[in-house]
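Chemist:
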Amino acid sequence: MVRYLLQFQYLGTHFRGVPRVTPVERAAGYSGVEDALSDAFSCLNYKLAEPPNIHVSSRTDSGVHALCNTAHADLIYGANQEQLDPDAIVHTINRNITQMGRSDIRLMNCRPVPPTFNSRHQALGRTYLYRVVSGCYHSRLPIIEFDRSWGVMESMSRPQLAVPRGPAPPYDFQLQVVMVGESSVGKTCIINRFTEDKYEDPISTVDDPARGKVGGDLPQDEAGRPPAWYGIDFKIRIFEMFGKRIRLQIWDTAGHEKFNTITTQYYHRADGVLLVYDITREHTFVSIPKWLNQVDVYASHDVERYLLGNKCDQEVLREVPRERAEKFAVEYNINFVEVSAKTNTGIEHAFRDLVESILRKRPDAPTMMDERIQLNRGDYERSPQSATKSCSGRCV
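Numbering-wise, the UniProt record's numbering puts 151 at position 151 of the sequence shown, and it's gapless, one number per residue.
(1) Would you mind reading off the limits of the beta strand (DSSP E) that contains His72?
(2) With distances taken between CB atoms, is the gap from Gln9 to Arg131 smaller than 9 Å?
(3) Count the CB pairs spanning the segment 38-53 and the segment 62-82 that are closer than 8 Å, and state whether there are at least three.
(4) Compute the distance between the beta-carbons of Asp61 and Gly12, then report whether it is under 9 Å.
(5) So is Cys110 buried or exposed if we call it buried at 16+ other beta carbons inside 10 Å?
(6) From which residue to which residue does the alpha helix (DSSP H) around Lys187 run?
(7) Could you give the first and the last residue of the continuous alpha helix (DSSP H) run that contains Lys244?
(8) Can you round the beta-carbon distance between Thr345 and Cys312 to whole angstroms, since I take them to be within the 8 Å contact cut?
(9) Report the rounded CA-to-CA distance for Asn310 versus Ile279, giving the unit in angstroms.
(10) From Phe239, Cys68, Pro115, pick the residue whose C-alpha is nearest to that of Asp172; which is it?
(11) Is Ala341 near Arg193, with beta carbons less than 9 Å apart?
(12) In chain order, which continuous runs of the beta strand (DSSP E) of length 3 or greater are located wholly inside the segment 323-363?
(13) Check Ile288 in the structure and name its three-state DSSP category.
(14) Thinking C-beta only, is Asp147 closer than 9 Å to Phe15?
(15) How should Arg20 be labelled, buried or exposed, when 16 other C-beta atoms within 10 angstroms of its C-beta is the threshold for buried?
(16) Taking the straight line between their C-alpha atoms, what separation do you get for Arg281 and Met108?
(17) For Val297 and Cys136, what's the separation of their Cα atoms in angstroms?
(18) Please go through the same chain and pick out, in chain order, the residues whose beta-carbon is closer than 6 Å to the beta-carbon of Arg269, but skip the five residues on each side of it.
(19) For a quick check, are the C-beta atoms of Ala66 and Val24 less than 9 Å apart?
(20) Which two residues bound the contiguous beta strand (DSSP E) that contains Gln122?
(21) Rounded to the nearest angstrom, what separates Arg318 and Arg324 at their Cα positions?
(22) Could you tell me the boundaries of the alpha helix (DSSP H) in which Asn94 lies?
(23) Once DSSP output is grouped into helix, strand and coil, what is the label at Asn53?
(24) Is Phe15 helix, strand or coil by DSSP?
(25) Apart from the five residues on each side of it in sequence, which residues of its chain come closer than 8 Å, Cβ to Cβ, to Leu141?
(26) Can you name, in chain order, every residue of its own chain whose Cβ lies under 8 Å from the Cβ of Gln7, other than the five neighbours on each side?
(27) Starting from the Cα of Arg120, find the closest Cα among Gln174, Val56, Leu308 and give me that residue.
(28) Using DSSP with H/G/I as helix, E/B as strand and the rest coil, what is Lys311?
(29) Quick one, which of Leu37, Leu308, Asp233 has its alpha-carbon nearest Val18's?
(30) Assign Tyr230 to one of three DSSP states: helix, strand, or coil.
(31) Going by the DSSP bridge assignment, what does Ile236 pair with across the sheet?
(32) Leaving out five residues before and five after Thr188 in sequence, what residues of the same chain have Cβ atoms less than 7 Å from its Cβ?
(33) If you reduce the DSSP assignment to three classes, tell me which class Gln81 lands in.
(34) Buried or exposed for Met368, please, with buried defined as at least 16 other CB atoms from any protein chain shown within 10 angstroms of its CB.
(35) May I ask which residues mark the beginning and end of the alpha helix (DSSP H) holding Leu37?
(36) Rounded to whole angstroms, what's the CA-CA distance from Asn335 to His301? Just pull it up for me.
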């Protein structure tokens, strides 16, 4: 038996990670990196006493690319079989990969190593590189970058990235909340207000069945889509509650039906769902049962649901009476509050109430549930005026 060190690279887009997949997945057309390597090395079987045995050093997930990964392969030669030249192995394997129709994996190097060498246990280190495009939603990345980079809207600079941050502070609870509702009801504005205490007045064109176009014109992309129509994004806020640190991840989803398939993938992980409508557009409220039905189908049975009526500062344009929403909330047994992202009305209360409701269902929940919530803003302090303003009550 001769052990070889293999160095190879691959694009992880179409691989289900490194490990071999199950026979059922294999039959469905899926494969892992180890499957592809084993298939490629099968062309050497006639020169060996036994099929090669390959072990990859790492266990990367689906979609992760490798500029250079390592593995070791055991080739068992028969009594009268010559040991293969390493360069010949590289040439033969890559030719077989091409004949297999694969263009996403290549063997770069091969050399003999001692039989005691183990690529998985004797690696000296690993380096991970991240390609991040700032100022761009991931859904708008160029096609050549779409599965090789992360698109983020936040601005980034080299000086900021060079500043050592130290270890992230520990937290006691990790919660995930998904925010759903029709387009332009203010989901993103609510999240921005809660996580960063900022508000940017959206200039948007909304097709309203009753009133036609509402708002100004938005610039469109090449496909004619306004910037509000993106698949999904998230923001995180860490705060203290009942003496515990809580990491709250809030998923911001697109309301357009073309993104429904993307949105439903995030329900099953959610601890809570915020259903948002615009009090000035009745059809956004009428569609809430549709979103509730998705929650019932895709989310866990004990997910916490919360109804938010946004834009309560625009009373003169109101189309959904508060009493109607309160009656709806009672009928569906969900919490309800009216808020305004623009005036920062009710936002703190809504998220605070939702988190408390989620924690009450946890077996490891804090015991002092009546303790005041202390929120860590970091860069700002919420004013007493914004903390006490309210334009609606709560319906439980």
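Don't be surprised by glycine CBs; every beta carbon is placed ideally from N, CA and C.
Modeler: For this structure:
(1) Within the sequence shown, numbered from 1, the residue matching residue 72 stands at position 72. Taken as a continuous stretch (DSSP letters only), the beta strand (DSSP E) holding His72 covers 66-75.
(2) For this step, residue 9 is matched to residue 9 along the sequence shown. For this step, residue 131 is matched to residue 131 along the sequence shown. No, these two residues do not count as a Cβ contact at 9 Å.
(3) yes
(4) The count along the sequence shown starts at 1 and reaches residue 61 at position 61. The count along the sequence shown starts at 1 and reaches residue 12 at position 12. In this structure, Gly12 lies closer than 9 Å to Asp61 by Cβ.
(5) Along the sequence shown, read from residue 1 onward, the residue named residue 110 stands at position 110. Counting Cβ neighbours within 10 Å, Cys110 comes out buried, since at least 16 surround it.
(6) For the purposes of this step, residue 187 is taken as the residue at position 187 of the sequence shown. Lys187 -> alpha helix (DSSP H) spans 187-196.
(7) Here residue 244 corresponds to residue number 244 of the sequence shown, with the count starting at 1. No alpha helix (DSSP H) contains Lys244, which is instead part of the beta strand (DSSP E) from 244-253.
(8) The residue labelled residue 345 in the question sits at position 345 within the sequence shown. The residue labelled residue 312 in the question sits at position 312 within the sequence shown. At roughly 6 Å, the Cβ-Cβ gap stays under 8 Å, so Thr345 and Cys312 are in contact.
(9) Working through the sequence shown from its first residue, we reach residue 310 at position 310. Working through the sequence shown from its first residue, we reach residue 279 at position 279. Straight-line Cα distance between these residues: approximately 6 Å.
(10) As a first step, residue 172 must be located in the sequence shown, where it is residue number 172. Comparing Cα positions, the closest option is Phe239.
(11) Counting from one through the sequence shown, the residue named residue 341 turns up at place 341. Counting from one through the sequence shown, the residue named residue 193 turns up at place 193. Yes, these two residues count as a Cβ contact at 9 Å.
(12) 335-338
(13) As a first step, residue 288 is located in the sequence shown; it is residue number 288 there, counting from the start. Helix.
(14) Here the question's residue 15 lines up with position 15 in the sequence shown. Here the question's residue 147 lines up with position 147 in the sequence shown. No; because the gap between Cβ atoms is not below 9 Å, this pair is not in contact.
(15) Position 20 of the sequence shown, counted from the first residue, corresponds to residue 20. Classification of Arg20: buried, given that the 10 Å Cβ count is 16 or more.
(16) Translated into positions along the sequence shown, residue 281 becomes position 281. Translated into positions along the sequence shown, residue 108 becomes position 108. Cα-Cα distance, rounded: 60 Å.
(17) Here residue 297 refers to the residue found at position 297 when the sequence shown is read from its first residue. Here residue 136 refers to the residue found at position 136 when the sequence shown is read from its first residue. So the two alpha carbons sit approximately 32 Å from each other.
(18) The residue given as residue 269 occupies position 269 in the sequence shown. These residues qualify, in order along the chain: Gln176.
(19) By 1-based counting over the sequence shown, the position of residue 66 is 66. By 1-based counting over the sequence shown, the position of residue 24 is 24. No. Outside cutoff.
(20) Within the sequence shown, residue 122 is the residue found at index 122, counting from 1. Gln122 -> no beta strand (DSSP E), and no H or E assigned at all.
(21) Walking along the sequence shown from the start, residue 318 turns up at place 318. Walking along the sequence shown from the start, residue 324 turns up at place 324. For Arg318 and Arg324, the distance between alpha carbons rounds to 12 Å.
(22) As a working mapping, residue 94 is identified with position 94 in the sequence shown. Here the alpha helix (DSSP H) through Asn94 covers 86-99.
(23) Position 53 of the sequence shown holds residue 53. Strand, per DSSP.
(24) The sequence position of residue 15 within the sequence shown is 15, counting from 1. Note: Phe15 maps to coil in three-state DSSP.
(25) Taking the sequence shown and counting its residues from 1, the one referred to as residue 141 is at position 141. Counting only Cβ-Cβ distances below 8 Å, and skipping sequence neighbours, we find Val133, Ser149, Gly151.
(26) Mapped onto the sequence shown, residue 7 falls at position 7. If we look at Gln7 and ignore the five residues flanking it on each side, its Cβ neighbours are Cys68, Asn69, Thr70, Leu107, Met108, Asn109, Cys110.
(27) Translated into the one-based positions of the sequence shown, residue 120 becomes position 120. Ranking Gln174, Val56, Leu308 by Cα distance to Arg120 puts Val56 first.
(28) Here residue 311 refers to the residue found at position 311 of the sequence shown. Correct three-state label for Lys311: coil.
(29) By one-based count along the sequence shown, residue 18 stands at place 18. When only C-alpha atoms are compared, the closest one is Leu37.
(30) Reading the sequence shown from its first residue, position 230 is the one you call residue 230. Summary for Tyr230: the model assigns pLDDT 46, below 50, so the residue's position carries little reliability; its value from the coordinates is reported in the next sentence. In this structure, Tyr230 counts as coil in the three-state DSSP scheme.
(31) Position 236 of the sequence shown holds residue 236. Ile236 is bridged to Gln249.
(32) For the purposes of this step, residue 188 is taken as the residue at position 188 of the sequence shown. Result list for Thr188: Asp252, in chain order.
(33) Your numbering for residue 81 matches position 81 in the sequence shown. Coil.
(34) What you label residue 368 is simply residue 368 of the sequence shown in a count that begins at 1. Caution is warranted here: a pLDDT of 48 is assigned to Met368, below 50, making its placement in the model unreliable, and the coordinate value is therefore given only provisionally. Label assigned to Met368: exposed.
(35) Numbered from 1 along the sequence shown, position 37 holds the residue referred to as residue 37. Run containing Leu37: 33-41, per the alpha helix (DSSP H) assignment.
(36) The sequence position of residue 335 within the sequence shown is 335, counting from 1. The sequence position of residue 301 within the sequence shown is 301, counting from 1. Those two C-alpha atoms are separated by around 16 Å.
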